[in-house]
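K.L.:
Take a look at this one; I'll ask things after.
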Amino acid sequence: MSTPFTNQSYALGNGDSYLIRPIQANDKERIIGLFNHLSPESRYLRFAHAISKLPDDFLEDILHLDYETEMALVAVIHPQTESEEIIGISRYVTPPNQSICEFSLSVSDSYTTHGIGTHLMLDLISHAKKNGLLEMVGYVLSGNSKMLHLVSDLGFKAFTIHDDPDFKTVSLSLSEE
């Protein structure tokens, strides 16, 4: 089911560029570095609760993917150098025996206005489609207006969760219409 991913390079606008590539097992310190560059508000918006350290089980899960049901892409600046820095990450997971995947996205606070989240999501959506998934969903805090705007621009529909007004479910059909 898994298809190869072609690394994509994008301009930042300041003369630098960044590369989107699949996560690698040796990215642990770079993922921790990205997390450490997130403000407390960004951490809350991503994880839906205050968190000061990435849980070890989260790191293990994200660094050792089952590419049949999961994908994680990272945006890196200064690719393939000693100072390669992860500035964003997108991921989807697919529950067993389902054709729906759930996404997550984080972008370093220093790079939130450069289109990195949009490119990470577009590449993640493309990969999910190539893998035959039919729908991508996410759970977004109702107060996370930046994420709600981003996914709306990408064609996601937002729905209020009746028993939990703190969250919205967002959904995108991946089937070709």
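Each residue of the sequence shown is one higher than the last, beginning at 1 in UniProt numbering. Even for Gly, the Cβ is constructed at its ideal location relative to N, Cα and C. Here the structure is a predicted model, which means the values were calculated and not measured.
Mind checking whether VAL107 and TYR18 have CB atoms under 8 Å apart?
P.N.:
no
K.L.:
Taking LEU91 and SER104 to be in contact with their CB atoms under 8 Å, please state how far apart those CB atoms are, rounded to whole angstroms.
P.N.:
At residue 91 the sequence reads Arg, which differs from the Leu that was named. Between SER104 and ARG91 the Cβ distance is about 5 Å, and since that is below 8 Å, they are a contact.
K.L.:
Would you grab the beta carbon distance between ALA158 and LEU148 for me? Rounded to a whole angstrom, and I think it's under 8 Å.
P.N.:
6 Å
K.L.:
For PHE5, I'd like the list of residues in its chain whose CB is within less than 8 Å of its CB, leaving aside the five on either flank, ordered along the chain.
P.N.:
For PHE5, the CB contacts under 8 Å within the same chain, skipping 5 residues up- and downstream, are ARG21, PRO22, MET71, LEU73, ASP123, HIS127 in chain order.
K.L.:
Straight-line CA distance for THR69 to ASN131?
P.N.:
Cα atoms of THR69 and ASN131: separation of roughly 9 Å, rounded to the nearest angstrom.
K.L.:
For ILE62, which residues of its own chain have a beta-carbon under 6 Å away from its beta-carbon, when the five flanking residues on both sides are left out?
P.N.:
ALA72
K.L.:
Quick check on this structure: which residue in ILE31, ALA11, PRO96, HIS162 has the alpha carbon closest to the alpha carbon of TYR67?
P.N.:
PRO96
K.L.:
Can you name the start and end residues of the beta strand (DSSP E) that LYS168 belongs to?
P.N.:
167-173
K.L.:
In three-state terms, what does DSSP make of GLY115?
P.N.:
coil
K.L.:
For VAL170, which residues of its own chain have a beta-carbon under 6 Å away from its beta-carbon, when the five flanking residues on both sides are left out?
P.N.:
GLY138, VAL140, VAL151, PHE156, ALA158
K.L.:
Taking the alpha helix (DSSP H) that SER32 belongs to, which residues open and close that run?
P.N.:
The sequence shown places Ile at residue 32, not Ser. ILE32 -> alpha helix (DSSP H) spans 28-36.
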